[in-house]
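Participant: Dropping a structure here in structure tokens format, bear with me for questions.
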């Protein structure tokens, strides 16, 4: 214990903070999952400098901004581990159809007709507006024309892992599939150090749409650059059956035989995996982006979340694209994953609220390889922070903040959002860009889509 | 076809409206499930007088109020067919526990210690604020000290079926179980013609908490007064097993043998019903209040919704109490029922969005015996109407309004609410009562609960 005077001196020199968020219930998601019933956070140079109980001593610091959380919940920004940003353009275009009808008669034609640099750009901006306004500060996305996704995201102040899609058929921006790997590699090289908030990546569509050669080349291109590889895997029963017919094994085993599975690979979905495949995923250190709402809406199935977690596999939550959800609200996924896992096990103790909050924050960060930087309220981490209002009818009363986050709240409860210490949403207004203009442009694009499709 | 002059005359005399809601996408939920892409509604004397395409001709009418829906969705108010209003007091008090621990160590003690006229009153007002703000204009609730629930609801301008609880053990307000039927009957007699918006009812807790004699007497008291009987039935596997042990049959068959099943009986849950029991429910004309989120959160199971609907059983949606949900947002139930039914059947065509919208409105009205008055936008029905804003990030773009209602929206998208032609929510502000005062009182009560329980 330092003598009082020294202590004061240390405090005074330490409290060099630019922003203070005070008067909040801090849900830290630190190692002990500490909750500080009334606390404050100090931020400087994009980093969290203090996470403290009580009120800040404003005689020892001169912050430029003081945000009053008004008794609301202050927590790490949410991480959406799997989405396709431009698909906001197709939100609700077609629903309630057999999977192949939906894909082949609606989504694929819409994608091939309407995806172009400008539509992808505006669709991605729309996605960022929605995600930021619902508390997601970091997303992991993959699509085509990804440079225009990245251009949009860079303007919004959001953090993201963004991947150029690789598929063995002509794709928007890549008419010749022979160019798919070089195109993806070029994208990553261009964005590798361009923007502190954007981490490039490569996204192989799926084992059933990419040849073994393509899969291996994509992984090699990602590994060479120290980047993640994202891939849809074991999403539907049909995919599994097809894999058995064509490769004699399930999709996960197939990917493993090709050498694609390691800690740099993010497997999206993993609904149809057996015991042995779960062991493989765990052994290789792959992470899983679990998308409960999309898996349910498409009738794909219910991923064995508990079994995967029991084996030490790290699972984060993802929304998938807006066309199969139909929103990008991670609060909905939190509620959904808890409830669906309870009901399939007929065990209300399956997946408790604190575990689910961790899935949506720190575990999400682990899934995308960013747990050293984001996912919790801890000194030294990037200040990706959201504030939820609790002074509304449906949030009253409040006994346990984690319960409210998972079972009561929705994205509309998010009031303020910070990414890397910078405030990007203030009292539900996006600061960095014009959301109304974005909605106008997307509505204009949607009119074209509607005219031709229906 | 009338000659032009007559037609104009008819129009001029017909368009005696007090309120006009215009510039909206009308989701009518009429027989043809018509959607009017741009239309207006005229209201007078609590009733819908016009549901028309285009813009109102303001030269033929002098409305006192003109509400611009601003291109938003105008639809019938939602019907919550099963809830327990005062349980807002216990929202998130305890979660993620085995059912019996949750009930016996948390909910029952909290109910027995903290339920008193004033807490029930404020908890009910809290529930009304939440329901109105999330677009529910009518709810069907049952609890103890129901006269204080009714007192609260009557002040809020909400429509409700409210039932005094009957159980064969000492209950708040009914220390002597021998008085349970007379107490319930007194409640209904007191409220039968007291308030046009409140319909009294009797709520038997469950077949496993009420003797055969109590069940029969409760039904007889309800029937004599032409009122509905509500009862929890076939919620959990345990309940079914216990019923087989004690009665040799499942709970639904047991109730049928006692003569409780007819078109005046609302069965809440019906998760564990077999083929034969579904036939019985259909034959007797009972209706079912389906509570998907509560059934999932408590790990109870997934009700056979499709099988019940295929047999012609009318199902509405309910939230159940806030302690097992943890909110009263019917938009969440719509999303949930569609997604869970798709995934359990691995069929994305199971329960389409228009069917789900009907479940939450007209079918809900049928469940509680009010389909002649509410549940659709049709001339002659009560003007229970909600307006959803569509000018937000997550609602952009909009191709099909029913898709957005089910898969995209949440209660926070509700902007304006009318009950019986009276506006009760204007631009997300409750008009009839002070929500802040209600939250303050509930927070005050919750402090007592927290202090003793934890």
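Residue numbers (my numbering), protein chains in the order written: chain A, 62 to 515; chain B, 62 to 515.
Quick reminder that beta carbons are idealized off the backbone N, C-alpha and C, glycines included.
Can we say the segment 433-440 of chain A touches the segment 147-165 of chain B, given the rule of at least three CB pairs closer than 8 Å?
Facilitator: Judged by Cβ distances under 8 Å, the segment 433-440 of chain A makes no contact with the segment 147-165 of chain B, as fewer than three pairs qualify.
Participant: Using the rule of at least 16 other Cβ atoms within 10 Å of the residue's Cβ for burial, across every protein chain shown, is residue 380 of chain B buried or exposed?
Facilitator: Residue 380 of chain B sits at position 319 when you count from the first residue of the second chain. The residue in question, residue 380 of chain B, is buried, as its Cβ has 16 or more Cβ neighbours within 10 Å.
Participant: Using the Cα positions of residue 268 of chain B and residue 201 of chain A, report the straight-line distance between them to the nearest angstrom.
Facilitator: The residue given as residue 268 of chain B occupies position 207 in the second chain. The residue given as residue 201 of chain A occupies position 140 in the first chain. Roughly 50 Å between the two C-alpha positions.
Participant: Is it a yes or a no for the segment 183-203 of chain B touching the segment 139-154 of chain B, going by three-plus beta-carbon pairs under 8 Å?
Facilitator: Contact holds: three or more Cβ-Cβ distances are below 8 Å.
Participant: Could you check the C-alpha separation between residue 439 of chain A and residue 402 of chain A for me, to the nearest Å?
Facilitator: The sequence position of residue 439 of chain A within the first chain is 378, counting from 1. The sequence position of residue 402 of chain A within the first chain is 341, counting from 1. Cα to Cα, residue 439 of chain A sits roughly 30 Å from residue 402 of chain A.
Participant: Does the segment 319-326 of chain A touch the segment 367-381 of chain B, meaning 3 or more C-beta pairs lie closer than 8 Å?
Facilitator: The segment 367-381 of chain B is not in contact with the segment 319-326 of chain A.
Participant: If we ignore side chains and look at the alpha-carbon of each, how far apart do residue 409 of chain B and residue 382 of chain A end up?
Facilitator: Residue mapping note: residue 409 of chain B aligns to position 348 of the second chain, counting from 1. Residue mapping note: residue 382 of chain A aligns to position 321 of the first chain, counting from 1. Rounded to the nearest angstrom, the two C-alpha atoms are 16 Å apart.
Participant: For a contact meaning CB atoms closer than 9 Å, what does residue 507 of chain B contact in chain A?
Facilitator: Walking along the second chain from the start, residue 507 of chain B turns up at place 446. What residue 507 of chain B touches in chain A: 457, 458, 459 and 460.
Participant: Can you pull the chain B residues whose beta carbon is under 7 Å from the beta carbon of residue 473 of chain A, in chain order?
Facilitator: For this step, residue 473 of chain A is matched to residue 412 along the first chain. Correct list: 471 and 473.
Participant: Should the segment 113-127 of chain A be called in touch with the segment 418-433 of chain A, which here means at least 3 C-beta pairs below 8 Å?
Facilitator: No: the two stretches stay apart, fewer than three of their Cβ pairs being nearer than 8 Å.
Participant: Quick check: the Cα distance between residue 240 of chain A and residue 252 of chain A, rounded to an integer number of angstroms?
Facilitator: Position 179 of the first chain, counted from the start, is the residue given in the question as residue 240 of chain A. Position 191 of the first chain, counted from the start, is the residue given in the question as residue 252 of chain A. C-alpha separation (whole angstroms): 18 Å.
Participant: Is it buried or exposed, residue 390 of chain A, if we count other Cβ atoms within 10 angstroms and call 16 or more buried?
Facilitator: The residue given as residue 390 of chain A occupies position 329 in the first chain. Under this definition residue 390 of chain A is a buried residue.
Participant: For the segment 412-483 of chain B, which segments carrying the alpha helix (DSSP H) assignment without a break, of at least 4 residues, lie completely within its bounds, in sequence order?
Facilitator: Runs found: 414-421 and 423-428.
Participant: Which residues, in order along the segment 183-201 of chain B, keep a beta-carbon less than 8 Å from a beta-carbon of chain A?
Facilitator: So the close ones are 187, 190, 191, 194 and 195.
Participant: Which two residues bound the contiguous beta strand (DSSP E) that contains residue 84 of chain B?
Facilitator: Within the second chain, the letter at position 23 stands for residue 84 of chain B. First-last of the beta strand (DSSP E) with residue 84 of chain B: 80-88.
Participant: Given that a residue counts as buried once 16 or more other Cβ atoms are within 10 Å of its Cβ, and exposed if not, what is residue 309 of chain B?
Facilitator: In the second chain, residue 309 of chain B corresponds to position 248, counting from 1. By the 10 Å Cβ count, residue 309 of chain B comes out exposed.
Participant: Go through the segment 343-408 of chain B residue by residue and report every complete run of the alpha helix (DSSP H) that reaches 4 residues or more, in order.
Facilitator: The qualifying runs are 353-358, 366-371 and 391-405.
Participant: Count the other CB atoms within 10 Å of the CB of residue 206 of chain A; is the residue buried (16 or more) or exposed (fewer)?
Facilitator: The residue given as residue 206 of chain A occupies position 145 in the first chain. By the 10 Å Cβ count, residue 206 of chain A comes out buried.
Participant: If contact is defined by three or more beta carbon pairs under 8 Å, each pair taking one atom from either stretch, is the segment 485-499 of chain B in contact with the segment 467-474 of chain A?
Facilitator: These segments do not touch.
Participant: How would you list, in chain order, the residues of chain A whose beta-carbon sits under 7 Å from the beta-carbon of residue 410 of chain B?
Facilitator: Position 349 of the second chain, counted from the start, is the residue given in the question as residue 410 of chain B. Simply 157, 158 and 159.
Participant: So which residues on chain B does residue 407 of chain A lean against when the C-beta distance must stay under 9 Å?
Facilitator: Residue mapping note: residue 407 of chain A aligns to position 346 of the first chain, counting from 1. Ordered by position in chain B, the residues that pass the 9 Å Cβ test against residue 407 of chain A are 297, 298, 360, 361 and 362.
Participant: Determine, using beta-carbon pairs with one atom in the segment 124-133 of chain B and one in the segment 76-85 of chain B, whether at least three such pairs fall under 8 Å.
Facilitator: Contact between the segment 124-133 of chain B and the segment 76-85 of chain B is present, because at least three Cβ pairs lie under 8 Å.
Participant: Measuring CA to CA, which of A:489, A:225 and A:502 is closest to residue 193 of chain A?
Facilitator: To locate residue 193 of chain A, count along the first chain from 1; it is residue 132. Minimum Cα distance to residue 193 of chain A is reached at A:489.
Participant: Taking all protein chains shown into account, do 16 or more other C-beta atoms lie within 10 angstroms of the C-beta of residue 441 of chain B, making it buried, or fewer, making it exposed?
Facilitator: Along the second chain, read from residue 1 onward, the residue named residue 441 of chain B stands at position 380. The residue is exposed, with fewer than 16 neighbouring Cβ atoms inside 10 Å.
Participant: Tell me which same chain residues have a C-beta within less than 6 Å of the C-beta of residue 146 of chain A, skipping the five on either side of it?
Facilitator: Working through the first chain from its first residue, we reach residue 146 of chain A at position 85. The answer, listed in chain order, is 185, 188, 202 and 210.
Participant: Under a three-way DSSP split, which group does residue 332 of chain B fall into?
Facilitator: Within the second chain, residue 332 of chain B is the residue found at index 271, counting from 1. It is coil, neither helix nor strand.
Participant: Please list the partners that residue 503 of chain B has in chain A, where partner means a Cβ-to-Cβ separation under 7 Å.
Facilitator: Position 442 of the second chain holds residue 503 of chain B. Those within 7 Å of residue 503 of chain B in chain A are 457 and 458.
Participant: Indicate whether at least one CB of chain B lies closer than 9 Å to the CB of residue 422 of chain A.
Facilitator: By one-based count along the first chain, residue 422 of chain A stands at place 361. It does not: the Cβ of residue 422 of chain A has no partner Cβ on chain B nearer than 9 Å.
Participant: Residues of chain B with CB under 9 Å from residue 152 of chain A, in chain order?
Facilitator: As a working mapping, residue 152 of chain A is identified with position 91 in the first chain. By Cβ distance, chain B contributes 455, 456, 457, 458, 459, 460, 464, 465, 468 and 469.
Participant: Residue 510 of chain B and residue 475 of chain B: beta carbons closer than 9 Å?
Facilitator: Your numbering for residue 510 of chain B matches position 449 in the second chain. Your numbering for residue 475 of chain B matches position 414 in the second chain. It is not a contact, given that the beta carbons lie outside the stated cut-off.
Participant: DSSP puts residue 100 of chain B in a beta bridge; with which residues?
Facilitator: What you label residue 100 of chain B is simply residue 39 of the second chain in a count that begins at 1. B:85 and B:114.
Participant: For residue 399 of chain B and chain A, any beta-carbon pair shorter than 9 Å?
Facilitator: If you number the second chain from 1, residue 399 of chain B lands on position 338. Yes, because at least one Cβ of chain A sits closer than 9 Å to the Cβ of residue 399 of chain B.
Participant: Could you pull out every residue in the same chain whose Cβ sits closer than 8 Å to the Cβ of residue 180 of chain B, ignoring the five residues on either side in sequence?
Facilitator: If you number the second chain from 1, residue 180 of chain B lands on position 119. Counting only Cβ-Cβ distances below 8 Å, and skipping sequence neighbours, we find 147, 150 and 506.
Participant: Please decide whether residue 67 of chain B counts as near chain A, where near means a Cβ-Cβ distance under 9 Å.
Facilitator: Residue mapping note: residue 67 of chain B aligns to position 6 of the second chain, counting from 1. Low per-residue confidence applies at residue 67 of chain B: pLDDT is 43, beneath 50, and the placement is therefore not dependable, though the value from the model is reported in the following sentence. So no, residue 67 of chain B is outside the interface.
Participant: With respect to the alpha helix (DSSP H) encompassing residue 314 of chain A, which residues constitute its N-terminal and C-terminal limits?
Facilitator: The sequence position of residue 314 of chain A within the first chain is 253, counting from 1. That run of the alpha helix (DSSP H) goes 312-318.
Participant: Looking at chain B, which residues of the segment 479-498 of chain A have a Cβ within less than 7 Å of any of its Cβ atoms?
Facilitator: If the cut-off is 7 Å between Cβ atoms, the segment 479-498 of chain A has 496 near chain B.
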